[in-house]
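In what follows, a single structure is set out as structure tokens and then discussed.
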Ligand code: NAD
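Residue numbers (the numbering used here): 522 to 945.
Put into structure tokens, the structure is as follows:
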């Protein structure tokens, strides 16, 4: 691949272009710019795991810690064949911006294993997750770097990582490390409302956008890409406003119904069949026609790099609300602007997950259990405050919402670096 082509496909280069654009506009201090344009630590671990048939397989895992000026490193773990150092760098950097915009005391990190989890048994996945946690060792920790679920990982995997981590610390320290991961099952120290938190945050942002635009959500139509944790919760919650879900795409195909798709029943179906293909009452359409479907709102909730120079022109929607991380690249952003499509960028729109992870972490540290009403109302306040900060920056600097979100994050980090200075 030529250097230019490699750059085009580099998710991290895309982040750096977004970052430089915002840094130029807000005139970010050059020293802070050079610090934030690099990741702090990049950990790559290769580790062996015994398979069910007795063979040993080697796996490669990553943890990239971008920055911890605002608090411990924080970010999800992804199990996917496309996981690589470039992608993890990008995802870690987005976490730093996300925590800063949400005004929570965290830095940014991300990790994962290059693996197709559907090819392994549950017992193998447990051993892979535990061995990965063991290989990471003290590179993660409850006051240092706190993983959470992401693509193809869930509460069960977090529980295995927690148990492995706790097994490696002295017995007196075990309870004190229950907040080493968030997104745990409730019984293992998780928070109510964490499972739906990212989708809930997406929905709160869409509600606020509708209010700002005098737009009646009960008459809206919407399409969703990805029907895992983020996609399915976003769809179920937006549908509760009366909005009609008309198309869904995931790794098994694309389904469409102009009469509307029952978001709740589809979630049950996906839990059983592992994909949306074949959902009764819908027609299968060609994957490449998905983005051309006319609707009011598009919620990307799968992987990055979906809205590019080649694809964004197809969109016939009023709003893109990014549930996924990095679904739009810089060329896609330009086209959204030209077409007058509103954008609620990932670092704001999907921040509900890390916000409720923060609530889980706080509850663990204080041995408290909040009820759903408390979690949801605190989430609402935090994410809408972030929304208003981004909106105000977009107006002040006359920029698109992604650039505005970056400006909010960078301004907060700039203050901290200036106050604290650089050691020594
Ligand atoms: P998930 O594993 O629960 O679901 C992923 C979904 O993406 C699945 O429906 C899968 O079929 C779909 N998908 C995979 N490849 C696809 C393809 N080529 N085309 C169409 N669909 C495809 O993952 P998730 O936790 O819902 O994460 C989804 C996105 O949201 C990711 O970008 C993730 O980083 C981001 N995110 C997740 C959280 C969280 O709390 N889980 C928080 C913030 C952001």
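We treat Cβ as the ideally placed atom computed from N, Cα and C, and that holds for glycine.
Residue 632 - containing beta strand (DSSP E), residue span: Within the chain shown, numbered from 1, the residue matching residue 632 stands at position 111. Start and end: 629–635.
Tell me the DSSP bridge mates of residue 530? In the chain shown, residue 530 corresponds to position 9, counting from 1. Within the DSSP bridge table, the entry for residue 530 names no partner.
Taking only heavy atoms of the ligand NAD into account, decide whether any of them is closer than 7 Å to the Cβ of residue 594. In the chain shown, residue 594 corresponds to position 73, counting from 1. No.
How would you write the range of the beta strand (DSSP E) that residue 583 sits in, first residue to last? Residue numbering aside, residue 583 sits at position 62 when the chain shown is read from its first letter. 577–588 is the extent of the beta strand (DSSP E) around residue 583.
Below 7 Å, is the gap between the Cβ of residue 871 and the nearest heavy atom of the ligand NAD? Taking the first residue of the chain shown as 1, we reach residue 871 at position 350. Under cutoff, so the answer is yes.
Using only the heavy atoms of the ligand NAD, determine whether one of them is closer than 7 Å to the beta carbon of residue 771. Numbered from its first residue, the chain shown carries residue 771 at position 250. Within the cutoff, so yes.
Just list the residues that DSSP pairs residue 721 with in beta bridges. For the purposes of this step, residue 721 is taken as the residue at position 200 of the chain shown. Looking at the DSSP assignment, residue 721 forms no beta bridge with any residue, so it has no partner.
Buried or exposed, going by whether 16 or more other CB atoms sit within 10 Å of the CB of residue 861? As a first step, residue 861 must be located in the chain shown, where it is residue number 340. Per the 10 Å Cβ criterion, exposed.
Is the closest heavy atom of the ligand NAD to the C-beta of residue 789 under 7 Å? The residue labelled residue 789 in the question sits at position 268 within the chain shown. In this structure, residue 789 has its CB at a distance of at least 7 Å from all heavy atoms of the ligand NAD.
Can you grab the Cα-Cα spacing for the pair residue 609 / residue 593, in whole Å? Reading the chain shown from its first residue, position 88 is the one you call residue 609. Reading the chain shown from its first residue, position 72 is the one you call residue 593. Straight-line Cα distance between these residues: approximately 17 Å.
Have a look at residue 942 and residue 591 and give me their C-alpha separation to the nearest angstrom. Position 421 of the chain shown holds residue 942. Position 70 of the chain shown holds residue 591. Distance between the alpha carbons of residue 942 and residue 591 is about 13 Å.
Provide the residue span of the alpha helix (DSSP H) that contains residue 641, from first to last. Indexing the chain shown from 1 puts residue 641 at position 120. No alpha helix (DSSP H) holds residue 641; DSSP gives it neither H nor E.
Check the C-beta distance from residue 839 over to residue 818 and give it rounded, since I have them as a contact under 8 Å. The sequence position of residue 839 within the chain shown is 318, counting from 1. The sequence position of residue 818 within the chain shown is 297, counting from 1. That pair is a contact at about 7 Å.
Which whole-angstrom value is the C-beta distance of residue 752 and residue 532, which I expect to be below 8 Å? Indexing the chain shown from 1 puts residue 752 at position 231. Indexing the chain shown from 1 puts residue 532 at position 11. Their Cβ separation, rounded to whole angstroms, is 20 Å, which puts residue 752 and residue 532 out of contact at 8 Å.
Name the two residues that bound the continuous alpha helix (DSSP H) containing residue 809. For the purposes of this step, residue 809 is taken as the residue at position 288 of the chain shown. Where residue 809 is concerned, there is no enclosing alpha helix (DSSP H), given that its DSSP letter is neither H nor E.
If you measure from the CB of residue 746, is any heavy atom of the ligand NAD nearer than 7 Å? Working through the chain shown from its first residue, we reach residue 746 at position 225. Short note on residue 746: C-beta closer than 7 Å to some heavy atom of the ligand NAD.
Use the C-beta contact count for residue 734: other C-beta atoms within 10 angstroms, 16 or more gives buried, fewer gives exposed. For the purposes of this step, residue 734 is identified with residue 213 of the chain shown, where counting begins at 1. Under this definition residue 734 is an exposed residue.
Indicate, with yes or no, if the ligand NAD has a heavy atom lying under 7 Å from the CB of residue 671. Position 150 of the chain shown, counting from 1, holds the residue named residue 671. Answer for residue 671: yes, Cβ within range of the ligand NAD.
Compute the Euclidean distance between the alpha carbons of residue 914 and residue 736, then round it to the nearest angstrom. The count along the chain shown starts at 1 and reaches residue 914 at position 393. The count along the chain shown starts at 1 and reaches residue 736 at position 215. When rounded, the distance between both Cα atoms is 22 Å.
Per-residue burial, residue 944 [other beta carbons within 10 Å of its own, 16 or more giving buried]: Start at 1 with the first residue of the chain shown, and residue 944 comes out as number 423. It counts as exposed.
Are the CB atoms of residue 633 and residue 582 nearer to each other than 8 Å? For the purposes of this step, residue 633 is taken as the residue at position 112 of the chain shown. For the purposes of this step, residue 582 is taken as the residue at position 61 of the chain shown. Taking 8 Å as the Cβ cut-off, residue 633 and residue 582 qualify as a contacting pair.
Enumerate in chain order the residues of its own chain whose CB-to-CB distance from residue 937 is below 7 Å, with the five nearest sequence positions on each side excluded. In the chain shown, residue 937 corresponds to position 416, counting from 1. In its chain, beyond the 5 residues on either side, 590, 591 have a beta carbon closer than 7 Å to the beta carbon of residue 937.
Presumed contact (8 Å Cβ cut-off) between residue 650 and residue 682, rounded CB distance: As a position in the chain shown, residue 650 is number 129, starting the count at 1. As a position in the chain shown, residue 682 is number 161, starting the count at 1. Contact holds; Cβ gap of about 6 Å.
Less than 7 Å between C-beta atoms, sequence neighbours within five positions excluded: which residues of the same chain meet that for residue 932? For the purposes of this step, residue 932 is taken as residue 411 along the chain shown, with counting starting at 1. Closer than 7 Å at Cβ, skipping near neighbours: 547.
Given a cut-off of 8 Å on the beta-carbon distance, is the pair residue 946 and residue 893 in contact? The chain is shown from 522 up to 945; residue 946 falls before or after that span and cannot be answered.
Do you know offhand how far residue 934's Cα is from residue 571's? Here the question's residue 934 lines up with position 413 in the chain shown. Here the question's residue 571 lines up with position 50 in the chain shown. When rounded, the distance between both Cα atoms is 44 Å.
Taking 7 Å as the line, does the beta carbon of residue 822 fall inside it for any heavy atom of the ligand NAD? The residue you call residue 822 lines up with position 301 of the chain shown. Residue 822 Cβ: within cutoff of the ligand NAD.
Keeping to the same chain, check which residues put their C-beta closer than 7 Å to that of residue 573; ignore five residues upstream and five downstream. Translated into the one-based positions of the chain shown, residue 573 becomes position 52. Excluding positions up to five away in sequence, the list reads 642, 644, 645.
So residue 695 is in the alpha helix (DSSP H); what residue range does that whole segment cover? In the chain shown, residue 695 corresponds to position 174, counting from 1. No alpha helix (DSSP H) contains residue 695, which DSSP labels as neither H nor E.
Per DSSP, what kind of secondary structure is residue 624 in: helix, strand or coil? In the chain shown, counting from the first residue as 1, residue 624 sits at position 103. DSSP places residue 624 in coil when its eight states are reduced to three.
Name the residue from 721, 720, 749, 766 whose alpha carbon lies nearest to the alpha carbon of residue 741. The count along the chain shown starts at 1 and reaches residue 741 at position 220. It is 766.
Should residue 911 be counted as a contact of the ligand NAD given a C-beta to heavy atom distance under 7 Å? The residue labelled residue 911 in the question sits at position 390 within the chain shown. No - the ligand NAD has no heavy atom lying nearer than 7 Å to the Cβ of residue 911.
Could you say which of 562, 709, 721, 630 lies nearest to residue 898 if we only look at CA atoms? Against the chain shown, residue 898 aligns to sequence position 377. The shortest C-alpha separation from residue 898 is found at 721.
For residue 846, is the beta carbon positioned less than 7 Å from some heavy atom of the ligand NAD? For the purposes of this step, residue 846 is identified with residue 325 of the chain shown, where counting begins at 1. The answer is yes for residue 846.
So, at 7 Å on beta carbons, what are the nonlocal neighbours of residue 745 in its own chain, with the 5 sequence-adjacent residues on each side left out? On the chain shown, position 224 is the one that residue 745 refers to. So the list reads 752, 755, 756, 766, 769, 820, 822, once near-sequence residues are dropped.
Are residue 670 and residue 636 touching if we call contact CB-CB under 8 Å? Residue mapping note: residue 670 aligns to position 149 of the chain shown, counting from 1. Residue mapping note: residue 636 aligns to position 115 of the chain shown, counting from 1. No, the pair does not count as a contact, with Cβ atoms beyond the cut-off.
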